[in-house]
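Under my numbering, the sequence shown has 6 at position 6, and the numbering climbs by one with no breaks.
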Amino acid sequence: SFFDMMAGRLDRLRRGNLLMDGLEALLPLCPGCIAVYMRPAEKLLSAQQATLPTKRPEDRFVWRGVNVRAFRTGEGRILMDSLGLWTVGQPEVELCFPEERAPGQMIPYAYDLARHLYLYGTPQELAKLDGGTVDNPEGDGWWHCRLAESTAGPARQVLRVEP
1 SFFDMMAGRL DRLRRGNLLM DGLEALLPLC PGCIAVYMRP AEKLLSAQQA TLPTKRPEDR
61 FVWRGVNVRA FRTGEGRILM DSLGLWTVGQ PEVELCFPEE RAPGQMIPYA YDLARHLYLY
121 GTPQELAKLD GGTVDNPEGD GWWHCRLAES TAGPARQVLR VEP
């Protein structure tokens with residue numbers, strides 16, 4: 001895309017900020033706008049959601065430009081993934097866990113992992129995570145992670161996290 005051609009060499013944080021700055025600059029020019037569709041994330045936001053301030057400015061991209069989806073696998077497990085981090089050159093998050101875990105409790109965990117990848121996902125950090133571990137959602141144990149191809153489309157690189 002034109003954006004990729006012009007901003008492709010920027011680091012992930014500058015690129016995410018540029019996307020959010022553009023969104024915030026365009027919305028006032030469209031006073032009748034009631035919603036914004038973030039196509040790379042397949043996420044629909046009300047115009048108000050798209051401009052609400054976040055607690056931390058560095059979180060704007062993750063809360064607006066990243067979506068977390070959940071799928072039942074049919075094998076007693078739930079697959080949850082993020083969509084949108086790829087627009088800033090980062091792998092997405094992919095979780096696979098037993099159905100006994102409430103997806104509503106796992107969504108904040110998925111967003112926290114996405115935020116971590118966005119803020120700290122340098123090549124060195126990704127190399128440490130590939131084959132490593134992260135805190136589990138309760139913070140009292142570890143889950144394994146590795147870089148892999150996504151299970152659900154579209155095809156992209158993910159950090160797969162499992163108990």
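For glycine and all other residues, C-beta sits at the position ideal for the given N, C-alpha and C.
Alpha-carbon to alpha-carbon, residue 18 and residue 133: Their Cα atoms are separated by approximately 32 Å.
Option in 157, 50, 120, 95 with minimal Cα separation from residue 25: Checked all of 157, 50, 120, 95; the closest Cα to residue 25 is 50.
Residue span of the alpha helix (DSSP H) that contains residue 124, given as start and end: It spans 123–129 - the alpha helix (DSSP H) in which residue 124 sits, taken as one unbroken run.
Coil, strand or helix - residue 20 by DSSP: Note: residue 20 maps to helix in three-state DSSP.
Assigned exposure category for residue 109 - 16 Cβ within 10 Å defines buried: Per the 10 Å Cβ criterion, buried.
Three CB pairs or more closer than 8 Å across the region 83–99 and the region 50–66: These segments touch.
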